[in-house]
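Worksheet for the structure shown next.
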Amino acid sequence: MVSSTPDPKSTTTTAVPSTPRVATRRVTRFSPRPFSSPLAAARNVGRPPIVLEWGSTMIRVGYAEQFQPQHIIPLPRDPFQKLEAYQKEKKTDTWMVEEESRWYDVVSPIIRQVFDRLMVDPTTRRVLVVSKPYPLKTWEMAVMESLWNLGVPAVVFLNSLEVIPVAQGWKRGLVVTFGQDESHFLAYVDGHPLPFTYQVVPTGYKHGVEDDSKITCEWDDKMEKAWLDTNNPNSLVVALLKCLEACPLDSRKDVIANMLVCGDSSAVVPDLPRRLAVKLKAVLGEEEATSDPASTTEQDDFPLTMVLPAIKLLKPLAGHVGLLSCAPYRSDLISWVGGSIHATLWHRQEDQSPVQWVLSPTGAAE
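In terms of the UniProt record's numbering, the sequence shown has 252 at position 252, counting the first letter as 1, and numbering is strictly consecutive.
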């Protein structure tokens with residue numbers, strides 16, 4: 001009987017036709033770029049980061065690559081009022097450590113609420129925080145510690161004024177952010193922010209209304225005096241003139257022709273941009289300056305020391321005053337959209353990204 005078992009010592013082999021392999025994944029030019037390094041993989045570069053905008057009255061949060069936030073959360077007033085009362089009574093020798101601790105007690109529950117609403121694991125997403133220019137260092141550290149304690153691998157803070165032009169793609173203009181407590185101004189030339197033109201005034205929505213918790217539907221004298229009076233050194237018009245005065249001479253026409261008014265409270269006063277432009281054009285078109293330094297000292301015990309803008313030198317710009325629309329976005333959402341687009345452009349290109357992510361101490365140690 002002949003056995004069918006092959007002899008292991010035999011040197012002859014029988015050719016067996018090979019089965020072609022089927023590729024389970026085809027790489028195309030539209031495929032996501034692979035992680036450039038183990039460090040990039042640890043930062044979860046492949047997943048869109050969370051964009052968190054901390055405004056004066058609201059928190060807007062969502063994911064990069066989206067055109068609007070997923071949640072808009074009102075900021076509670078009581079914790080901030082208690083913190084403000086503490087700041088007025090704080091001691092100079094221990095205020096830094098204690099204030100950061102108190103800020104942490106305020107922001108930590110808010111950030112936990114943000115992730116509860118997003119229903120996402122904090123350890124899988126980086127967070128891009130959009131905030132006002134030059135925030136308090138104690139607030140910034142408290143927010144960073146709160147995110148790190150939840151397991152967020154990396155955090156970065158961006159200036160809201162610097163991401164607003166990204167949403168619309170314009171190169172020259174002037175951004176005005178109108179908030180609850182203060183307003184900020186910054187000029188752009190050739191796509192670059194000019195930090196020496198930055199202005200901030202302690203004038204916001206609450207300074208022009210009797211009750212800032214309600215929406216006012218009528219324009220009154222208090223709004224005119226707080227926001228548009230040239231005799232008020234903290235008015236929006238004076239700050240705008242100071243910002244324009246600091247611009248380079250050859251770019252002033254383009255800057256004033258593309259003025260964009262946005263911010264948390266701009267949506268509550270939709271007529272403010274038009275009134276601001278009309279007032280600015282009227283001031284520049286008058287034969288003599290309307291600012292009277294003597295009238296600004298009647299209400300205060302201290303004399304006015306601020307150098308008022310040289311309106312006479314800015315008069316040739318009266319015919320170039322113009323407004324930019326925030327469309328297709330809402331005026332109170334455009335800064336979040338700018339942060340989302342900025343994160344979308346750079347979160348996959350880790351090698352060329354200008355975003356300087358701050359890694360969590362736990363993640364960096366691992």
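Glycine included, every Cβ here is placed at the ideal spot set by N, Cα and C.
Rounded C-alpha distance that separates residue i from residue j
i: Y134; j: G285; result: 34 Å
i: L333; j: C326; result: 9 Å
i: K242; j: T197; result: 8 Å
i: S266; j: T124; result: 34 Å
i: V120; j: V209; result: 39 Å
i: A187; j: G169; result: 14 Å
i: L317; j: S251; result: 11 Å
i: K312; j: K253; result: 15 Å
i: I50; j: N232; result: 40 Å
i: P361; j: C262; result: 36 Å
i: D211; j: A246; result: 35 Å
i: E65; j: M306; result: 44 Å
i: E218; j: T203; result: 19 Å
i: W346; j: V163; result: 13 Å
i: A154; j: P48; result: 13 Å
i: L272; j: L228; result: 9 Å
i: T57; j: L75; result: 6 Å
i: S183; j: V237; result: 11 Å
i: A226; j: L359; result: 43 Å
i: W357; j: T344; result: 14 Å
i: D264; j: F185; result: 14 Å
i: P69; j: T230; result: 37 Å
i: P195; j: L249; result: 16 Å
i: D221; j: A239; result: 19 Å
i: T138; j: G62; result: 25 Å
i: N258; j: G173; result: 5 Å
i: Q113; j: I256; result: 41 Å
i: P270; j: M144; result: 34 Å
i: L308; j: R126; result: 44 Å
Contacts around residue i, its chain only, beta-carbon distance under 8 Å, and the 5 residues preceding and following it disregarded
i: R274; result: L323
i: D105; result: P79
i: L136; result: W103
i: residue 367; result: Shown here, the chain extends from 1 to 366; a query on residue 367 therefore has no answer.
Boundaries (first-last residue) of the alpha helix (DSSP H) holding residue i
i: I50; result: Careful: I50 lies outside any alpha helix (DSSP H), inside the beta strand (DSSP E) at 50–54.
i: M141; result: 137–149
i: residue 377; result: The shown model of the chain, from 1 to 366, leaves out residue 377, and the question about it has no answer.
i: H342; result: 334–346
i: P273; result: 272–285
Continuous beta strand (DSSP E) stretch holding residue i: start and end
i: G173; result: 173–178
i: A239; result: Counting along the chain, A239 falls outside any beta strand (DSSP E), though it belongs to the alpha helix (DSSP H) covering 236–245.
i: V156; result: 154–159
i: V209; result: It is not in any beta strand (DSSP E) - V209 carries neither H nor E in the DSSP assignment.
i: V200; result: 192–201
i: V269; result: Counting along the chain, V269 falls outside any beta strand (DSSP E), and DSSP gives it neither H nor E.
i: L186; result: 183–189
i: V261; result: 259–262
Contacting residues, own chain, Cβ-Cβ under 6 Å from residue i (five flanking each side not counted)
i: M223; result: G208
i: K281; result: A318, V321
i: D190; result: K171
i: A277; result: V321, L323
i: R117; result: H71
i: K279; result: L228, V237
7 Å Cβ cutoff, residue i in contact with chain D
i: L240; result: Of the protein chains in the structure, only one exists, and it is not chain D.
Simplified DSSP assignment, three categories, for residue i
i: R60; result: strand
i: Q168; result: helix
i: Q70; result: coil
i: Y329; result: coil
i: S360; result: coil
i: L324; result: coil
i: V107; result: helix
Same chain, Cβ closer than 7 Å to residue i, five either side skipped, listed in chain order
i: V166; result: G338, I341, H342
i: S131; result: W54, F157, S160
i: I72; result: M58, R60
i: S146; result: Y104, V107, S108, I111
i: V268; result: Y205, I215
i: E140; result: F157
Three or more C-beta pairs below 8 Å linking the stretch 143–156 and the stretch 176–189: no
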